[in-house]
Amino acid sequence: MSLPTLVALPPSLLPFVSRAEESFLAAAGSLPDADAARCRAWLEGHREAFARVCAASDFVSEQVSRDSPMLLQLGEQGWLERPLQTGEMRTALAGLIAACDGEEALALTLRRFRNRQQVRIIWRDLTRQADLAETCRDLSDLADACVDLAYHWLYSRHCEQFGVPTGRRSGAAQHMVILGMGKLGAHELNLSSDIDLIFGYPEGGETVGAKRSLDNQEFFVRLGQRLIKALDAITVDGFVFRVDMRLRPYGSSGPLVYSFNALEQYYQDQGRDWERYAMIKARVIGGDQQAGKELLQMLRPFVYRRYLDFSAIEALRSMKQLIQQEVRRKGMAANIKLGAGGIREVEFIAQAFQLIHGGRDLSLQQRPLLGVLATLEGQGYLPPAAVAELREGYEFLRYTEHALQAIADRQTQMLPESEVDCARVAFMLGFDGWPAFHERLLHWRGRIDWHFRQVIADPDEDENVEGETLAGGEWLPLWEQDWDEEFACRQLAEAGFRDGQGACQRLAALRNASQVRTMQRLGRERLDAFIPRLLAQIVEQDDPDLVLERVLPLIEAVARRSAYLVLLSENPGALQRLLELCAASPWIAEQIARFPLLLDELLNAGRLYSPPQAPELAAELRERLMRIPEDDLEQQMEALRHFKLAHRLRVAASEITGTLPLMKVSDYLTWLAEAILQEVFTLAWRHSVARHGQPQRSDGSLCDPAFVIVGYGKVGGIELGHGSDLDLVFIHDGDPAGETNGAKPIDTAQFFTRLGQRIIHLLTTQTTSGQLYEVDMRLRPSGAAGLLVSSLGAFERYQGQEAWTWEHQALVRARVLVGCPRLAADFERVRASVLGRERDLQVLRREVSEMRAKMRDNLGTRATLAGTAAHAFEAAVEFNLKQDAGGIVDIEFMVQYAALAWSHQHPELLRYTDNIRILDGLEQAGLMTGDEVRLLQDAYKAYRTAAHRQSLQKQPGVVSGDQFHDERRAVMRIWRELGLS
Numbered sequence: 001m002s003l004p005t006l007v008a009l010p011p012s013l014l015p016f017v018s019r020a021e022e023s024f025l026a027a028a029g030s031l032p033d034a035d036a037a038r039c040r041a042w043l044e045g046h047r048e049a050f051a052r053v054c055a056a057s058d059f060v061s062e063q064v065s066r067d068s069p070m071l072l073q074l075g076e077q078g079w080l081e082r083p084l085q086t087g088e089m090r091t092a093l094a095g096l097i098a099a100c101d102g103e104e105a106l107a108l109t110l111r112r113f114r115n116r117q118q119v120r121i122i123w124r125d126l127t128r129q130a131d132l133a134e135t136c137r138d139l140s141d142l143a144d145a146c147v148d149l150a151y152h153w154l155y156s157r158h159c160e161q162f163g164v165p166t167g168r169r170s171g172a173a174q175h176m177v178i179l180g181m182g183k184l185g186a187h188e189l190n191l192s193s194d195i196d197l198i199f200g201y202p203e204g205g206e207t208v209g210a211k212r213s214l215d216n217q218e219f220f221v222r223l224g225q226r227l228i229k230a231l232d233a234i235t236v237d238g239f240v241f242r243v244d245m246r247l248r249p250y251g252s253s254g255p256l257v258y259s260f261n262a263l264e265q266y267y268q269d270q271g272r273d274w275e276r277y278a279m280i281k282a283r284v285i286g287g288d289q290q291a292g293k294e295l296l297q298m299l300r301p302f303v304y305r306r307y308l309d310f311s312a313i314e315a316l317r318s319m320k321q322l323i324q325q326e327v328r329r330k331g332m333a334a335n336i337k338l339g340a341g342g343i344r345e346v347e348f349i350a351q352a353f354q355l356i357h358g359g360r361d362l363s364l365q366q367r368p369l370l371g372v373l374a375t376l377e378g379q380g381y382l383p384p385a386a387v388a389e390l391r392e393g394y395e396f397l398r399y400t401e402h403a404l405q406a407i408a409d410r411q412t413q414m415l416p417e418s419e420v421d422c423a424r425v426a427f428m429l430g431f432d433g434w435p436a437f438h439e440r441l442l443h444w445r446g447r448i449d450w451h452f453r454q455v456i457a458d459p460d461e462d463e464n465v466e467g468e469t470l471a472g473g474e475w476l477p478l479w480e481q482d483w484d485e486e487f488a489c490r491q492l493a494e495a496g497f498r499d500g501q502g503a504c505q506r507l508a509a510l511r512n513a514s515q516v517r518t519m520q521r522l523g524r525e526r527l528d529a530f531i532p533r534l535l536a537q538i539v540e541q542d543d544p545d546l547v548l549e550r551v552l553p554l555i556e557a558v559a560r561r562s563a564y565l566v567l568l569s570e571n572p573g574a575l576q577r578l579l580e581l582c583a584a585s586p587w588i589a590e591q592i593a594r595f596p597l598l599l600d601e602l603l604n605a606g607r608l609y610s611p612p613q614a615p616e617l618a619a620e621l622r623e624r625l626m627r628i629p630e631d632d633l634e635q636q637m638e639a640l641r642h643f644k645l646a647h648r649l650r651v652a653a654s655e656i657t658g659t660l661p662l663m664k665v666s667d668y669l670t671w672l673a674e675a676i677l678q679e680v681f682t683l684a685w686r687h688s689v690a691r692h693g694q695p696q697r698s699d700g701s702l703c704d705p706a707f708v709i710v711g712y713g714k715v716g717g718i719e720l721g722h723g724s725d726l727d728l729v730f731i732h733d734g735d736p737a738g739e740t741n742g743a744k745p746i747d748t749a750q751f752f753t754r755l756g757q758r759i760i761h762l763l764t765t766q767t768t769s770g771q772l773y774e775v776d777m778r779l780r781p782s783g784a785a786g787l788l789v790s791s792l793g794a795f796e797r798y799q800g801q802e803a804w805t806w807e808h809q810a811l812v813r814a815r816v817l818v819g820c821p822r823l824a825a826d827f828e829r830v831r832a833s834v835l836g837r838e839r840d841l842q843v844l845r846r847e848v849s850e851m852r853a854k855m856r857d858n859l860g861t862r863a864t865l866a867g868t869a870a871h872a873f874e875a876a877v878e879f880n881l882k883q884d885a886g887g888i889v890d891i892e893f894m895v896q897y898a899a900l901a902w903s904h905q906h907p908e909l910l911r912y913t914d915n916i917r918i919l920d921g922l923e924q925a926g927l928m929t930g931d932e933v934r935l936l937q938d939a940y941k942a943y944r945t946a947a948h949r950q951s952l953q954k955q956p957g958v959v960s961g962d963q964f965h966d967e968r969r970a971v972m973r974i975w976r977e978l979g980l981s
């Protein structure tokens, strides 16, 4: 939302202006004549702003009447007219505190500085020179500076009195870590907020350097008490900040300060859901910043679970219900923070997504609410229209909150009752009167509450009214009561199951499964609530028997991780998409059962069915890995695997629903492999260089990295399928006689061999999320007997002098996937040289034909080895889409034969590595007719589409022999016309 507009001062507030001017001038009159004259002159030049602020804020009026030079100094320093620079507020306070000679002076300095800054902030807010972000930032910076500078001032004097706290294990001096929670932690403090703090210290021990040593905890407890008193105690000058320590472990009944070990143990063993919610915004605001970072890192697993944590929404819902009960009990419906459609509901929406998804989506691990909302929009968790309404509504409420608190510097979120304060609030928000303001307020609270209900509210909340049953309630007796098989079979059959007996047996098997019988009470309650919902949606499917058969293994697999059941209960749309995909593909059903974390992908239909393009895909993966510490290999490997699983599911879902055609499916799966290979190579290179340093080229320059990963076969031809492995070859261009330049140098060949081994390790290691890819390295020079990594020179010599024709055929589909651009260009030169030399066509035709015959003999369907036999086209005889005569491999061999036969005359045939575009090149060169090319391309696409379909159905790549007659005959005809046999 834009800044509230400036409106004319209403007549009812003019008396407040007059009193403020009189008080200000009266106070100025007690000053020396020159100062009094400056005050009067300053007021004359700023009368309109003075009137606006003092009409609205009794607090400012009181402060300027008590201390008129303060307003003059703020004005003359320009602090009322400009935003502060980073660190400017802290620097100003540090200079004042340095002059303090005792705790009374410290308290006085802090309070006067705080009052002066409050006047400045309110002034800029009400004159609309500062937006919401600046106001909240300044208030948070003020709290940071007061807390940290007061702490350090007190710490040095505390050490003089009791000695320096020293770690028993490390022997190092200890400092306290002060965590700011809530709005302070997120840099979102309001005008009259208290501050929620938690105190910690790194390790136990005792003080050193005093007559009587103190235990570290006792030292810091006493120091914490002095710090709270310096900030919280009310004196004639007011207070600095009200300090609330109730968010610490055990609340008010627990110690004031905890060691890091004690904090970690508490949150690990006893931390509750509301404490996770609170810890999202925790930030180190004072004390030892470095130790504080270590503490937050230590507590991160408590806040953000690595698995999908949809159970968090239940905790948030319970918290909201408790708040609503308190609101009703205390008559607080007019509270714009806690009431329906209030600030807290926007916070709950944002933090629900953070708690649920933040363990895996690191972009959600941030504190500021508006930043979280932007991420929810950017990552597709919420639609832009919803985020826009939440943002505008939230900002309106926060401006309203500041207006309420600016009146008297009171911590309140209650709408005023007096007519005067109502007029003030409406004026501050830019409305001509209370009715117009209140109408807009009700609008935003209504919209926020609506969005809140979409995210947080119980899906059954509005259904169980006027005698209506809960979703799936008709299935409750079947599942929850004593198992009556006859009744269950009859109900299932009447609902649309063809085999009611079979469905009944499957459900009984789930009830009796060990995972279900040993569930904890909460998990069993979730399962009992979910199964009726599941059955209610299954019977809406075209083939409920098939869907039940495919989805129950998933339910059994996640029974002990019941947060997934909550996800599906809370999101009927996600459950619907799950059932549709399971109905369409047993492969997808199996994938989700093996890796339930994929359920997260079902939450957003737009994202599920709209895979990104190659640049966005690579950028997304790179961004994910950048948020993981470089030394956390386990998390990096899991992130890579989850990324592959998620995007492979998205492409399969898109293919099934028809939003992604075959060629785009292969493109996408190939882009996915390339993005993963790039990051795997980066991780392996970084690790290898860190251990051994960089190798050198023959010219003495460092390898940067002088290494490429070459893709052959399907990945080289941009034709990956859902279960394809990767045919790879590694090539380097380092100095064979050189060595690395690190602390532990090794020779170049050994370095690149270890690099290759690490790449393979990262790709093939089995983790809880499976492996990334099967890797086949047999196409490297000399196959399994050859070196894992070849130099470019050795590769060129082998291809030119030793390689078989079938290896040159494979080279037609080879291309650099990732690595050094310079070496990639050199590889392309070698490839073009090898493939582009003139060949004896008779010899070439014989060798290609012999290799094809050998493959067909070993891999083809026995009944069709004759190729043209009439019975090969009968329904009872299977047709192997890839290996049988007239199939995929025949087309691939013709393309490879053509490239080897004619590229010395037509080098453009070597530009591409995929069959479709090579065929286009053959037509453009006049080597094949357009009809022949179209026949081969159409047959190739048809075969691959069928193969993909079979793969998603978990079927082998064979179909009945009565299919693809025209395509097969056309392929075999063109094969013969090329002189192949």
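Those letters in the sequence shown? Residues 1 to 981, per UniProt numbering, in order.
Where is the CB? At the ideal position from N, CA and C, for every residue including glycine.
For clarity, every value in this text was computed on a predicted model and none was experimentally measured.
The criterion of a C-beta distance shorter than 8 angstroms is not satisfied by Y712 and T659. Classified as buried, Q591 has 16 or more neighbouring CB atoms from the shown chains inside 10 Å of its CB. For F964, the three-state secondary structure derived from DSSP is coil. In the structure shown, the three-state DSSP call for V539 is coil. Leaving aside the five residues that flank S192 on each side, the residues in its chain whose CB is nearer than 7 angstroms to its CB run, in chain order, Q405, D409, R410, Q411. Inter-residue distance for G185 and I285 is about 8 angstroms (C-alpha atoms, whole angstroms). Secondary structure of R758 (DSSP, three-state): helix. Taking the Cα positions, L370 is about 28 angstroms away from P435. When DSSP states are grouped into helix, strand and coil, V689 belongs to the helix group. Residues of the same chain with a CB within less than 8 angstroms of the CB of A574, apart from the 5 flanking positions on each side, are L567, L568, L599, L602, L603 in chain order.
Of the residues L579, A853, F431, I448, the one whose Cα lies closest to the Cα of E549 is L579. Each of Q696, V64, G163, D58 was checked against the Cα of W42, and the nearest Cα belongs to V64.
When Q365, A653, E623, E88 are compared, the shortest CA-CA separation from L581 is found for A653. Taking a contact as a CB-CB distance under 8 angstroms, the pair D631 and C820 does not count as one, their CB atoms being some 26 angstroms apart. In the three-state DSSP reduction, F530 falls in the helix class (H, G or I).
In this chain, T207 is not harboured by any alpha helix (DSSP H); it is covered by the beta strand (DSSP E) spanning 205-208. Check the Cα spacing between V812 and each of L909, S791, P572: the tightest is with L909. Note on geometry: alpha-carbon atoms of R934 and E967 lie some 11 angstroms from one another. When the five nearest sequence neighbours on each side are left out, the beta carbons in the same chain lying within less than 8 angstroms of the beta carbon of R111 are those of T235, D237, G238, F239, V240, in order along the chain.
According to the DSSP assignment, I709 belongs to the beta strand (DSSP E) that extends over 707-712. Here E525 is exposed. Its C-beta has fewer than 16 other C-beta atoms within 10 Å. Only exposed fits S782, as fewer than 16 other CB atoms lie within 10 angstroms of its CB. A direct Cα-Cα distance of roughly 41 angstroms separates I336 from Q635. Boundaries of the beta strand (DSSP E) around N880: 878-880.
Taking a cut-off of 8 angstroms on C-beta distances, the stretch 438-452 touches the stretch 340-359, as three or more cross pairs fall below it. When DSSP reads this structure, L598 sits in no beta bridge, so it has no partner.
By the neighbour-count definition (other C-beta atoms within 10 Å, threshold 16), S790 is a buried residue. Annotation for R622: E679 place their beta carbon closer than 7 angstroms to its own, counting only its chain and skipping 5 residues before and after. Cα atoms of C100 and R157: separation of roughly 12 angstroms, rounded to the nearest angstrom. For the pair R128 and P4, the Cα-to-Cα distance works out to about 7 angstroms. Only residues of its own chain outside the window of five on either side were considered, and among them N915 have a CB closer than 7 angstroms to the CB of E892, listed in chain order. Boundaries cannot be given for H722, as no beta strand (DSSP E) includes it and DSSP labels it neither H nor E. Three or more beta-carbon pairs separated by less than 8 angstroms are not found between the stretch 814-831 and the stretch 885-903, which leaves the two stretches without contact. Between the stretch 934-950 and the stretch 846-864, the count of Cβ pairs shorter than 8 angstroms is below three; the stretches do not touch.
In this structure, the alpha-carbon of R300 lies about 16 angstroms from that of P202. Selection G734, A233, Q766 evaluated against A794 yields G734 as nearest (Cα-Cα).
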